[in-house]
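In this note's numbering, the protein residues as written are 145 to 301.
We treat Cβ as the ideally placed atom computed from N, Cα and C, and that holds for glycine.
This is the structure we're talking about:
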């Protein structure tokens with residue numbers, strides 16, 4: 145969920161591998177560099193995105209992080225068109241993450257869900273499967289919260 149311009153991790157399930165994502169429950173991360181944060185950020189109107197990014201310098205986490213308002217806003221448009229977010233080593237050089245927004249009964253974005261994988265193990269087939277599962281889970285959770293929309297994202301001009 146978004147809190148004071150950051151994404152806060154509320155729950156997670158982990159695979160039993162040696163390598164694991166570093167996000168701990170309750171931790172706060174940049175919205176524009178994480179799959180979870182980008183998924184939620186893209187669901188907000190442009191004015192709210194601009195407000196959350198602020199007027200100052202936009203920090204990055206890796207060389208792949210987008211750190212200018214035009215680049216971030218372009219990324220949000222791509223997420224809306226695609227229907228899901230991608231964090232391609234933007235928050236952690238070893239991780240690739242796919243996410244989507246979750247909406248409530250008033251059709252407002254309230255949270256997001258994502259799957260993180262090692263960048264080195266992401267194949268086009270694996271990505272396609274994760275995208276399908278993340279979008280299905282996001283829509284199912286949204287429906288459980290009373291969401292009545294048909295799509296998870298609307299393209300904003």
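Member of the options whose CA lies at the smallest distance from the CA of residue i
i, options, result
"residue 181", "288, 237, 200 and 149", "149"
"residue 280", "175, 236 and 242", "242"
"residue 295", "224, 266 and 272", "224"
"residue 265", "240, 230 and 235", "240"
"residue 261", "231, 276 and 247", "231"
"residue 197", "208, 269 and 176", "176"
"residue 293", "277, 263, 258 and 251", "251"
6 Å CB neighbourhood of residue i in its chain, flanking five on each side removed
i, result
"residue 187", "245 and 253"
"residue 211", "202 and 204"
"residue 275", "228 and 242"
"residue 235", "177, 178 and 205"
"residue 216", "176 and 210"
Coil, strand or helix - residue i by DSSP
i, result
"residue 185", "helix"
"residue 210", "coil"
"residue 179", "helix"
"residue 223", "helix"
"residue 174", "strand"
"residue 292", "coil"
"residue 274", "helix"
"residue 231", "strand"
"residue 253", "strand"
"residue 300", "coil"
"residue 237", "coil"
"residue 215", "helix"
Cβ-based neighbour list, residue i, same chain, cut-off 8 Å, excluding 5 preceding and 5 following
i, result
"residue 248", "254, 286, 289, 290 and 291"
"residue 298", "224"
"residue 213", "194, 197 and 202"
Close beta carbons around residue i, own chain, < 7 Å, minus the five adjacent residues each side
i, result
"residue 283", "296"
Residues that residue i bridges to, as DSSP identifies them
i, result
"residue 146", "151"
"residue 243", "229 and 258"
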